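Using numbering that gives the first Met the number 0, the final residue of the sequence shown is 138, and nothing's skipped along the way.
Where a beta carbon is used, it is the ideal one built from N, C-alpha and C, also for glycine.
On a predicted model such as this, the values are computed, not experimentally measured, just so you know.
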Amino acid sequence: MSTIFSKIVSGEAPAYKVAESNDYLAFLDVRPLAHGHVLVIPKKETDYIFDIHDDEYMGMWVFAKIVGQGIKKVFPCRKVGIAVVGLEVAHTHIHLIPLNNVDDMNFGRPKLELTDDELTTIAESIREAISEVTHSANS
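Printed below as a string of structure tokens:
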């Protein structure tokens, strides 16, 4: 079975990528709850987060932390919320969502409809912020 996320990993489907490593990928949710809503996935397709190997699980959270730091630099918020739902796409993924109140993470509310230009600009901004975060961490 090949999910839309696996197609993004292979390049068969487009995505607004914000970060990538050998094992993980972070890209914008195209139907976000908030500006800066990012999905973090392992490149290896596994449906359920608790079925992935421990080292892959821990690596994904470290990767998500770096992405979250970049999101927070671009979208000032009280916190970057984390959700693992996994019901719509059978490929493990973590939602990272800028939060100022609890309702910002209500998946039942209407999603934003952003233009290609808006999504491109947001992705570029987060990529730049992540680059700054990782550069300062390595200095």
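Please confirm whether ILE51 and THR91 have their CB atoms less than 7 Å apart. Contact: yes.
Where does VAL134 sit, in a helix, a strand or coil, going by DSSP? Rather than Val, the amino acid found at residue 134 in this sequence is His. DSSP places HIS134 in helix when its eight states are reduced to three.
Mind checking ALA12: buried by the 16 CB within 10 Å criterion, or exposed? An exposed status is given to ALA12, since fewer than 16 other beta-carbon atoms sit within 10 Å of its beta-carbon.
By a C-beta neighbour count over all protein chains shown, 10 Å radius and 16 as the cutoff for buried, is LYS71 buried or exposed? LYS71 counts as buried, since no fewer than 16 other beta carbons sit within 10 angstroms of its beta carbon.
Closest Cβ-Cβ distance between LEU98 and chain B: below 7 Å? Protein chains in the displayed structure number just one, and chain B is not present.
Determine the direct distance from the alpha carbon of MET104 to that of THR133, and round the result to whole angstroms. Going by the C-alpha atoms only, they are around 27 Å apart.
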